[in-house]
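Asks: So this note's numbering is basically just the index in the sequence shown, starting at one, shifted up by 457.
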Amino acid sequence: MQPVIVRPLPSGGYELIAGERRWRAAKMAGMATIPAIVREADDKRSAELALIENVQRSDLNPIERANAFRTLMTRFQMTQSDVADRVGMDRSSVANMMRLLDLPDDVRALIANGTISAGHGKMLASISDAQQQRRLVERILAEHLSVRQTERAVREIQKTKPATSAETAAQSPDRHANIHDLETRLGDHLKTRVRIEIAPSGSKGRVVIDFYDLEHFDGLMQAMGFDPAQ
Numbered sequence: 458m459q460p461v462i463v464r465p466l467p468s469g470g471y472e473l474i475a476g477e478r479r480w481r482a483a484k485m486a487g488m489a490t491i492p493a494i495v496r497e498a499d500d501k502r503s504a505e506l507a508l509i510e511n512v513q514r515s516d517l518n519p520i521e522r523a524n525a526f527r528t529l530m531t532r533f534q535m536t537q538s539d540v541a542d543r544v545g546m547d548r549s550s551v552a553n554m555m556r557l558l559d560l561p562d563d564v565r566a567l568i569a570n571g572t573i574s575a576g577h578g579k580m581l582a583s584i585s586d587a588q589q590q591r592r593l594v595e596r597i598l599a600e601h602l603s604v605r606q607t608e609r610a611v612r613e614i615q616k617t618k619p620a621t622s623a624e625t626a627a628q629s630p631d632r633h634a635n636i637h638d639l640e641t642r643l644g645d646h647l648k649t650r651v652r653i654e655i656a657p658s659g660s661k662g663r664v665v666i667d668f669y670d671l672e673h674f675d676g677l678m679q680a681m682g683f684d685p686a687q
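(1) Looking at L560 and Q537, is the spacing between their C-beta atoms short of 8 Å?
(2) Assign A620 to one of two classes, buried (16 or more other C-beta atoms within 10 Å of its C-beta) or exposed (fewer than that).
(3) Out of A486, R481, G545 and I474, which one is the CA nearest neighbour of R496?
(4) Reducing DSSP to helix, strand and coil, say where L466 ends up.
(5) Count the other CB atoms, across all protein chains shown, that sit within 10 Å of the CB of E510; report buried if there are 16 or more and exposed otherwise.
(6) Would you call the region 539-552 in contact with the region 569-585, where contact means no fewer than 3 C-beta pairs closer than 8 Å?
(7) Please state whether DSSP places A656 in a helix, a strand or coil.
(8) For A541 and G578, what's the separation of their Cα atoms in angstroms?
(9) Using DSSP with H/G/I as helix, E/B as strand and the rest coil, what is M678?
(10) The alpha helix (DSSP H) with E398 in it runs from where to where?
(11) Would you kindly work out how many angstroms separate the C-alpha atoms of G576 and R522, rounded to a whole number?
(12) The alpha helix (DSSP H) with A599 in it runs from where to where?
(13) What is the rounded straight-line gap between the Cα of L639 and the Cα of M485?
Written out as structure tokens, the structure is:
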């Protein structure tokens, strides 16, 4: 059994930081002692460790895990790379998991209850139109599409609209990779999710910056050098 994590209290004794489920299981099993790691941690660090412990639970569904990643980023000012390092995943896996949060509520619910997989959700998230996402979900359910079959269906959807020369240039692999890199670096700088949307002309677009509550919004404004109080 992995050790639980505790911190010493000024008044004596220890406070459990992470491993409550293991501690309760050991208590039910009648164990008098269990292995523990003692760490000096303030309240913020303790909360961070407890949340990381929660993220690594095997019984979390993909949506719960994605929400936990987002909480780590917003509450503790982490980047996707920071989260990946803390939970032992690669950054692209964390990014793909968080993309699930952009799906409509009803689609997220299907992923949360296991009706469709996180792999299906990743493919659905590559479609920008919510109605197209829902139509594809109906097809996944009706035809029992695998993730690979869903990927092919997404490619079919993306090919239905003829691309102009400007659109083709805007969607070229090199340009797409550059935009994704910019999204990642800007997101890491602001510690939130950033999307860069390019217009069909390829010469203009918009930047979409996510915030999750008013406190997070104020933090973003300050990170960009703007004080909303002035």
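Glycine included, C-beta positions come from ideal geometry on N, C-alpha and C.
Replies: Short version:
(1) A distance of 8 Å or more separates the beta carbons of Q537 and L560.
(2) Bear in mind that a pLDDT of 49 at A620, under 50, signals an unreliable position, so the number given afterwards is only what the model happens to contain. That one is exposed.
(3) Comparing Cα positions, the closest option is I474.
(4) coil
(5) buried
(6) The region 539-552, when compared against the region 569-585, does not touch it at the 8 Å Cβ threshold.
(7) Coil at A656, not helix or strand.
(8) 20 Å
(9) helix
(10) Outside the shown range of the chain, which is 458 to 687, sits residue 398, and nothing can be said about it.
(11) When rounded, the distance between both Cα atoms is 14 Å.
(12) A587 to E600
(13) 51 Å
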